[in-house]
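J.: As they're listed, the protein sequences go chains A and B.
Position in the first sequence (from 1) plus 855 gives the number in our numbering.
Position in the second sequence (from 1) plus 874 gives the number in our numbering.
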Amino acid sequence: MTTVTDEVAVVKVHEPIIVLRRPKSTTGVWSWFTTVDHKKIGIMYGAAALIFFLVGGIEALLIRLQLFQANGSVLTASQYNELFTMHGTTMVFLVGMPMAVGFGNYFVPLMIGARDVAFPRINAFGFWVVCAGAIFLYSSFIPGVNGVPNGGWFGYTPLTSTPIDAGFLPGHGPDFWSVGIILLGIGSTTSAINFIVTILNMRAPGMTLMRMPVFVWMMLVVAFLTVFAMPIITVALIMVFTDRNFGTLFFSPAAGGDPLLYQHLFWLFGHPEVYILILPGMGIVSETLPVFSRKPLFGYAVVVFSGIAIGFLGWGVWAHHMFATGLGPVAVSAFGLSTMLIAIPTGVKIFNWLGTVWKGAVRLTTAMLFSLGFIAMFTIGGLSGVLHSIVPSDTQQTDTYFVVAHFHYVLFGGLMLAVFSGMYYWLPKITGRMLNERLGKINFWTMLIGFNVTFFPMHLLGLYGMPRRTYRYDTGLGWEGINQVVSVGAFLIALSTLVFLSNVIVSLVMKRGEVAGDDPWDARTLEWSISSPPPEYNFAEVPEVTNRDEFWHHKYTEDDEGHLVPIPSGGAYGSTDADKHDGHGIHLPSPSIYPLVMAFGLLPIAYAAVYQSWIPLVIGVLILLFGMYAWGIEPSTEEA
Amino acid sequence: MATIEQTAEVGGPPSQGTPGHDPHATSTGVTNTKLAIWLFLSSDCLFFGAFIASYLLYRGRDVSGPGPRKLFDIPFTSATSFILLMSSLTMVLALAAIQRGDHRRVRIWILATALLGATFIGGQVFEFTEFSREGLHVSTNLFGSSFYLLTGFHGAHVTIGIIWLLSLWGMSTRGRLPTKKAESVELAGLYWHFVDVVWIVIFTVIYLIPQPH
């Protein structure tokens, strides 16, 4: 394997030190806990995100039940606070981010022709930390804990930072919330670093940056945003936590502290976070639209650079969340202008997508329908976003349902429709079976209609002055009828989600779906060149990349008149090779239990922070140190 | 062909071979671990940046309690800062030694770096106890809150660096830090220099810029 230099010869060969017996199996239930395979980790991220999509959805339905009629009595005021806080926190941190990371984990290495990510064990660690953070946050629901977060997903100070005994927010809500999000931040930062290193360093020969699929590009931008945004919220949350528990005075107006500092820190994270959520969606539709239009992406370079531009400009718009706080005319004008500016690269992308579909040989599969739905709904959400850059208009709309309508059009109409598109497009690759198209179309149309029935009337509610985060409203304000429509729409979305789940269960779990084959969509990128599901080592032979849309150019060429001609042996590489290749001789990183051990070592530390107790702290630190030590001496690949 | 193996986490030094033909070669030529450390440090910049920005915002806004002018002992802190800066020099010497293959000196310089770092931490502990004896706690005023958290988190970073260095020293004494693993020392060095540079900024911002009161 290595040419032995004088150096190596001198070094003594050490027997590997074994602390716990190394897990070997790559099948069975236990293998999921010890896996370092990016594909399995991707599936776990996706499954976790889907579960929390249901949890967050149930929270939303309870909210809608409460608001169905005036003076609703389904929930108490404090239960309502807990539900809208956990709905927001769940959808942002436990659905949006892990869903994108899941798709990225599975497909980024496949799309760049790599056998794994740069740091397989750190990848597993990132997932288990997110898992631990989710368990921690939701353990606050256990009766008697009295700690369900209830200060909003944004957790504004001084409400959240005032010490418990002052009685603003009794219970441990803000503590569970701040410590939980710090935990999730650790997970997402490690996974982001892993993405950047993987994308920059692990590309197959010939896969230059400007040949990378747009989804990979968007995940790269998202990873950079995550790396820079997460530390800022971490600092803000540390300050909230110490203010509440250790008597620091950061956000205490009586001591000269400035609650606005918190809003600045939060939104300096929070606005890039918006792009962390939406850019993966943009990446997904940039993959599906060309495939189902049988055309290359229109203006690839412009789409890539627009994504990068959004990544940069996203740092200069945060104060548009704070127009109503009295920042002064200069700051307000500047942030209004920058907000208008960021609409430009976003608008450019929409035209690129339309240009891709224009005069294409469009196939209206479910995946394509969801992508087209994405374009339409995201455009509406983008337009109401531009309204918010106009300061007087924003001041009018702040804290009304108009804002709720806007960001649901962007995050649900944008991100979630793209996620469903990605599910229909990529699950055949992951599972080897097609999802049912009939159920898929029912899924799409009920989703699209349900979505619009739910969120479009919220614009009107906002304009009629209905405030957000209010647990009940009086009769006679003219809000009742619209609220009933909204609630009905919400249940239509729930129904559509059930259709999707039954499709997954029938087609994939019960294996009633058609066998997908390697390339069911006649697609363009490298993940379709290998078998479905892909072998553990991904590529029997690492592909040599010569084109953007490499796999397409492997299948088709153009004749003299510019007509598309299939290459006789087209699509053959990889797949036939894999038949001959049993993967022998490819050394993959071996499974490891320590990522899980270390991640769950953080859990007792988190509880120790909330309850200020030494015993769990010591236990957690010991587990952490043990995991770190054992991880450090465990070789990443076990010699066979 | 690049078919044989991809042991991802063990980066190894950048090789001379053609990309795609060496399993350890990366697309950028920078090893995975080094790129990851740079990314982590860039993330950490924002962490300290947010604390430093908050400190600057709250400078001179205290309504009560002892302020910096009363508490600071600039010559003492300058001395411990100088000691921390010198530890960057010994860190560089440790890296140079391992690249030469002089493992005895690697251990000496790593230990020296850790000791200098520990001296700095000792100075910080002394400073904290002095301040608290003179009545400054995290809950005294904004200066107390922002000073203790900013410098405390920096101290925690130095402490982690010391543990990192000591484990490298332990590996070296047991012969587990051969010359081909010189990058392990380089990575610890990157972290250590970063923590030093952050201290230069913190020292300037907190101690050297004239205090309002």
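The beta carbon of each residue, even a glycine, is placed where N, CA and C say it ideally should be.
What you are looking at is a predicted structure, and each value in this text was computed from that prediction instead of being measured.
If you draw a straight line from the C-alpha of Thr-1234/A to the C-alpha of Ile-1205/A, how long is it?
T.: Sequence index remark: in the first sequence, residue 1234/A carries index 379 (1-based). Sequence index remark: in the first sequence, residue 1205/A carries index 350 (1-based). The straight-line gap from Cα to Cα measures roughly 8 angstroms.
J.: Can you list the residues of chain A that Val-1012/B reaches, using a CB-CB cut of under 9 angstroms?
T.: Within the second sequence, numbered from 1, the residue matching residue 1012/B stands at position 138. Within chain A, the residues near Val-1012/B are Thr-1097, Phe-1101, Gly-1102, Thr-1103 and Leu-1104.
J.: Quick check on Glu-1413/A: does DSSP put it in helix, strand or coil?
T.: Counting from 1 along the first sequence, the entry for residue 1413/A is found at position 558. In the structure shown, Glu-1413/A sits in a strand (DSSP, three-state: E or B).
J.: Can you check whether the C-beta of Thr-902/B is within less than 8 angstroms of a C-beta belonging to chain A?
T.: The residue labelled residue 902/B in the question sits at position 28 within the second sequence. Output row for Thr-902/B: interface = yes.
J.: For a cutoff of 8 angstroms on Cβ pairs, would you count Leu-1042/B as touching chain A?
T.: The residue labelled residue 1042/B in the question sits at position 168 within the second sequence. Output row for Leu-1042/B: interface = no.
J.: Quick check on Thr-1255/A: does DSSP put it in helix, strand or coil?
T.: If you number the first sequence from 1, residue 1255/A lands on position 400. In this structure, Thr-1255/A counts as strand in the three-state DSSP scheme.
J.: The alpha helix (DSSP H) with Pro-1421/A in it runs from where to where?
T.: Here residue 1421/A is taken as the residue at index 566 of the first sequence, counted from 1. Counting along the chain, Pro-1421/A falls outside any alpha helix (DSSP H), though it belongs to the beta strand (DSSP E) covering 1419-1421.
J.: Decide if Glu-1489/A is buried, meaning its Cβ has at least 16 other Cβ atoms within 10 Å, or exposed.
T.: Here the question's residue 1489/A lines up with position 634 in the first sequence. Under this definition Glu-1489/A is a buried residue.
J.: Would you verify that the beta carbon of Phe-1070/A is, or is not, closer than 8 angstroms to some beta carbon of chain B?
T.: For the purposes of this step, residue 1070/A is taken as residue 215 along the first sequence, with counting starting at 1. Cβ-Cβ to chain B under 8 angstroms: no for Phe-1070/A.
J.: Say whether chain B places a C-beta atom closer than 8 angstroms to the C-beta of Ile-1048/A.
T.: As a first step, residue 1048/A must be located in the first sequence, where it is residue number 193. For Ile-1048/A, the answer is yes, since a Cβ of chain B falls inside 8 angstroms of its Cβ.
J.: What does Asp-976/B reach in chain A if we use C-beta pairs closer than 9 angstroms?
T.: Translated into positions along the second sequence, residue 976/B becomes position 102. Under the 9 angstroms cutoff, chain A gives no residues; its nearest Cβ is about 13 angstroms from Asp-976/B.
J.: Extract the residue ranges of the alpha helix (DSSP H) inside the region 1433-1494 of chain A, only unbroken runs of 4 or more that lie entirely within it.
T.: Fully enclosed alpha helix (DSSP H) runs of 4 or longer: 1449-1466 and 1469-1488.
J.: Where does the unbroken alpha helix (DSSP H) through Pro-998/A begin, and where does it stop?
T.: Here residue 998/A corresponds to residue number 143 of the first sequence, with the count starting at 1. Where Pro-998/A is concerned, there is no enclosing alpha helix (DSSP H), given that its DSSP letter is neither H nor E.
J.: Which first and last residues belong to the alpha helix (DSSP H) in which Gly-1028/A is found?
T.: Indexing the first sequence from 1 puts residue 1028/A at position 173. First-last of the alpha helix (DSSP H) with Gly-1028/A: 1028-1056.
J.: Taking just the CA atoms, how far does Val-1258/A sit from Gln-1252/A?
T.: Within the first sequence, residue 1252/A is the residue found at index 397, counting from 1. Within the first sequence, residue 1258/A is the residue found at index 403, counting from 1. Answer to the nearest angstrom: the Cα atoms are 7 angstroms apart.
J.: Just how far apart, CA to CA, sit Gly-912/A and Gly-1028/A?
T.: Stepping through the first sequence from its first residue, residue 912/A is reached at position 57. Stepping through the first sequence from its first residue, residue 1028/A is reached at position 173. Roughly 21 angstroms between the two C-alpha positions.
J.: Is it right to say Pro-1423/A is buried, meaning 16 or more other beta carbons lie within 10 angstroms of its own, or is it exposed?
T.: Taking the first sequence and counting its residues from 1, the one referred to as residue 1423/A is at position 568. Exposed, since its Cβ has fewer than 16 Cβ neighbours within 10 Å.
J.: On the premise that Leu-1363/A lies in contact with Leu-1294/A, defined as a C-beta separation below 8 angstroms, what is that separation, rounded to the nearest angstrom?
T.: Position 439 of the first sequence, counting from 1, holds the residue named residue 1294/A. Position 508 of the first sequence, counting from 1, holds the residue named residue 1363/A. Actually they do not touch by this definition, with Cβ atoms about 12 angstroms apart.
J.: What span of residues does the alpha helix (DSSP H) with Ser-917/B cover, start to end?
T.: Start at 1 with the first residue of the second sequence, and residue 917/B comes out as number 43. Run containing Ser-917/B: 906-932, per the alpha helix (DSSP H) assignment.
J.: For chain A, is any of its Cβ atoms less than 8 angstroms away from the one on Ser-955/B?
T.: By 1-based counting over the second sequence, the position of residue 955/B is 81. So, not an interface residue.
J.: Tell me the residue span of the alpha helix (DSSP H) that contains Arg-1007/B.
T.: Walking along the second sequence from the start, residue 1007/B turns up at place 133. Per DSSP, Arg-1007/B belongs to the alpha helix (DSSP H) from 977-1007.
J.: Just the C-alpha distance for Ile-1230/A and Val-1159/A, rounded to the nearest angstrom, thanks.
T.: The residue you call residue 1230/A lines up with position 375 of the first sequence. The residue you call residue 1159/A lines up with position 304 of the first sequence. Their backbone Cα atoms lie some 17 angstroms apart in a straight line.
J.: Taking the straight line between their C-alpha atoms, what separation do you get for Leu-1290/A and Gly-1181/A?
T.: Position 435 of the first sequence holds residue 1290/A. Position 326 of the first sequence holds residue 1181/A. Taking the straight line from one Cα to the other gives about 52 angstroms.
J.: Give the DSSP bridge partners of Val-1370/A, in chain order.
T.: On the first sequence, residue 1370/A is found 515 positions in, with the first residue counted as 1. DSSP lists Arg-1288/A as partners of Val-1370/A.
J.: Could you tell me whether the Cβ atoms of Val-950/A and Phe-908/A are closer together than 8 angstroms?
T.: The sequence position of residue 950/A within the first sequence is 95, counting from 1. The sequence position of residue 908/A within the first sequence is 53, counting from 1. For Val-950/A and Phe-908/A, yes; Cβs fall inside 8 angstroms.
J.: Whole angstroms are fine: how far does the CA of Pro-1459/A sit from the CA of Asn-1100/A?
T.: Within the first sequence, numbered from 1, the residue matching residue 1100/A stands at position 245. Within the first sequence, numbered from 1, the residue matching residue 1459/A stands at position 604. Computed Cα separation, rounded: 18 angstroms.
J.: Does the CB of Ile-1460/A have a neighbour CB from chain B at under 8 angstroms?
T.: For this step, residue 1460/A is matched to residue 605 along the first sequence. It does not; no Cβ of chain B falls within 8 angstroms.
J.: Between which residues of its own chain and Asp-1432/A is the CB-CB distance below 8 angstroms, once the five residues before and five after are set aside?
T.: For the purposes of this step, residue 1432/A is taken as residue 577 along the first sequence, with counting starting at 1. Only weak support is given to the placement of Asp-1432/A: the predicted model assigns it a pLDDT of 47, under 50, and the value that follows is read from those uncertain coordinates. Correct list, in chain order: Ala-1395 and Glu-1396.
J.: Just how far apart, CA to CA, sit Phe-962/A and Val-1071/A?
T.: Looking up residue 962/A in the first sequence gives position 107. Looking up residue 1071/A in the first sequence gives position 216. Spanning the two alpha carbons is a distance of roughly 8 angstroms.
J.: Would you mind telling me which residues of chain B sit closer than 8 angstroms to Phe-1083/A, beta carbon to beta carbon, in chain order?
T.: Here residue 1083/A is taken as the residue at index 228 of the first sequence, counted from 1. By Cβ distance, chain B contributes Ser-916, Ser-917 and Leu-920.
J.: Whole-angstrom Cβ separation of Phe-982/A and Pro-1004/A, contact assumed at under 8 angstroms?
T.: Within the first sequence, numbered from 1, the residue matching residue 982/A stands at position 127. Within the first sequence, numbered from 1, the residue matching residue 1004/A stands at position 149. Contact doesn't hold; Cβ gap of about 22 angstroms is too wide.
J.: Should Pro-1247/A be labelled buried (16 or more other beta-carbon atoms within 10 Å of its own) or exposed?
T.: On the first sequence, residue 1247/A is found 392 positions in, with the first residue counted as 1. Classification for Pro-1247/A: exposed.
J.: Please classify Trp-1469/A as buried or exposed, where buried requires at least 16 other C-beta atoms within 10 Å of its C-beta.
T.: Reading the first sequence from its first residue, position 614 is the one you call residue 1469/A. By the 10 Å Cβ count, Trp-1469/A comes out exposed.
J.: Rounded to whole angstroms, what's the CA-CA distance from Leu-875/A to His-1031/B? Just pull it up for me.
T.: Numbered from its first residue, the first sequence carries residue 875/A at position 20. Numbered from its first residue, the second sequence carries residue 1031/B at position 157. Their Cα atoms are separated by approximately 30 angstroms.
J.: Please classify Ala-953/B: is it buried, with 16 or more other beta-carbons within 10 angstroms of its beta-carbon, or exposed?
T.: The sequence position of residue 953/B within the second sequence is 79, counting from 1. That one is exposed.
J.: Phe-1190/A versus chain B: which residues are under 7 angstroms apart at the beta carbon?
T.: Working through the first sequence from its first residue, we reach residue 1190/A at position 335. Here the premise fails: no neighbours, minimum Cβ distance about 18 angstroms.
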